[in-house]
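Taking it in order: structure first as structure tokens, then the write-up.
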Amino acid sequence: MNYTSPPNPQAFYEQVWHLVRQVPHGKVVTYGQVAQMLPLPGGIEPQEYKAFGPRWVGEAMAACPDDVPWQRVINSQGKISPRPGADRQRQLLEAEGIPFVKDKVNLKAYQWRGPGHEDEPRQARLF
DNA sequence: CGCTTGACCGGAA
DNA sequence: ATTCCGGCCAAGC
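The following block contains the structure:
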């Protein structure tokens, strides 16, 4: 279906922004992850959503309000998607304490898993 | 009117 | 590890 935008861009974007606003300081999410976490938009086939959802998330970020921590959304490779302004994004993330190695973020350690399991210590007790 | 280009992703070469 | 490609729309030049 639509490559450029979902059936109801405005509604979809708001869902994206709502989710991104919940990403904690010092954590990141990927475009694809955000798309996957949101409900399947009406009138869209799952296969189509899988193919274009991530791009729509990108569109949403390009038009996000000021109160959305847009810098915490990066691509599936842990890198900042190339575009004018990428430097600024990296600066903001580093300022949050997120280290970059070879221009990449260690998603294993810094990816936010979603509401519910915030950032519990992996294994606090070691008897 | 035709060609280029997108804040993407996963698999193939 | 890196580059290319399909997916297949639409606005801008």
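Using this note's numbering, you'd call the opening residue of the first sequence number 59 and step up by one each time.
Every residue gets a Cβ at the ideal spot worked out from N, C-alpha and C, and that includes glycine.
Note that the coordinates shown come from a computational prediction; the quantities given were computed from them, not determined experimentally.
At which residue ranges does the stretch 85-136 contain complete alpha helix (DSSP H) runs of 4 or more residues, listed in the order of the chain? 89-95, 104-120
So is Met59 buried or exposed if we call it buried at 16+ other beta carbons inside 10 Å? With a pLDDT of only 47 at Met59, under the threshold of 50, the placement of this residue in the model should not be trusted; the figure read from the coordinates follows. Classification of Met59: exposed, given that the 10 Å Cβ count is below 16.
Could you check which residue in Gln105, Trp114, Asp124, Pro97 has the C-alpha nearest to that of Pro64? Trp114
Per-residue DSSP class, three states only, for Val78: helix
Compare the C-alpha of Phe70 against each of Glu103, His83, Val87, Glu117 and name the closest. Glu117
Please work out which residues of its chain come closer than 6 Å, Cβ to Cβ, to Trp75, disregarding the five sequence neighbours upstream and downstream, and give them in chain order. Cys122, Val126
With which residues is Val163 paired in a DSSP beta bridge? Beta-bridge pairing links Val163 to no other residue.
For Gln169, which beta-bridge partners are listed by DSSP? Val86
Trp128 to Gly100 span [Cα, whole Å]: 25 Å
At which residues does the alpha helix (DSSP H) containing Arg141 begin and terminate? Unbroken run through Arg141: none, as it is neither H nor E.
Taking the alpha carbon of Pro67 as the point to measure from, which residue in Phe110, Tyr168, Pro82, His83 has its own alpha carbon closest? Phe110
If you check the beta carbons only, do Pro107 and Leu98 fall under 8 Å apart? Reading off the sequence shown, one finds Tyr at residue 107, where the question assumed Pro. Yes, the pair counts as a contact, with Cβ atoms nearer than the cut-off.
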